[in-house]
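**Q** Numbering (our numbering), first residue to last: 518 to 606. Don't be surprised by glycine CBs; every beta carbon is placed ideally from N, CA and C. Before we start, here is the structure in question, set down as structure tokens.
The following block contains the structure:
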């Protein structure tokens with residue numbers, strides 16, 4: 518089943534390659550969406566794809582020794598059938 522999640526991720530997630538790792542991981546897992554740094558130090562993400570791949574996404578991103586995820590706010594969203602690719606902002 519295809520799902521879409523919205524995340525707010527806090528911790529050591531800016532200045533450590535988090536968005537680039539998210540982009541790489543999304544490509545490996547065939548996910549779409551985006552990653553965006555926020556002014557308050559968090560990263561905002563939307564991730565869409567196979568339910569199992571979406572569930573594995575953040576754990577895979579966090580495998581980098583530079584990244585430390587302290588907290589995640591997660592929300593289910595409606596699937597965007599027109600979305601293609603993963604983008605960094």
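What residue does the alpha helix (DSSP H) around residue 548 start on, and which one ends it?
**A** Residue 548 sits at position 31 when you count from the first residue of the chain shown. Run containing residue 548: none; DSSP gives neither H nor E here.
**Q** Which of helix, strand or coil does DSSP assign to residue 583?
**A** The count along the chain shown starts at 1 and reaches residue 583 at position 66. It is coil, neither helix nor strand.
**Q** Evaluate contact between the segment 536 to 553 and the segment 561 to 580, counting only Cβ atoms and requiring at least three cross-stretch pairs below 8 Å.
**A** Verdict: yes, contact present.
**Q** Give the straight-line distance between the Cα atoms of residue 535 and residue 520, rounded to the nearest whole angstrom.
**A** For the purposes of this step, residue 535 is taken as residue 18 along the chain shown, with counting starting at 1. For the purposes of this step, residue 520 is taken as residue 3 along the chain shown, with counting starting at 1. Cα to Cα, residue 535 sits roughly 22 Å from residue 520.
**Q** What would DSSP say about residue 555, mapped onto helix, strand or coil?
**A** Taking the chain shown and counting its residues from 1, one reaches residue 555 at position 38. Residue state, collapsed to three classes: coil.
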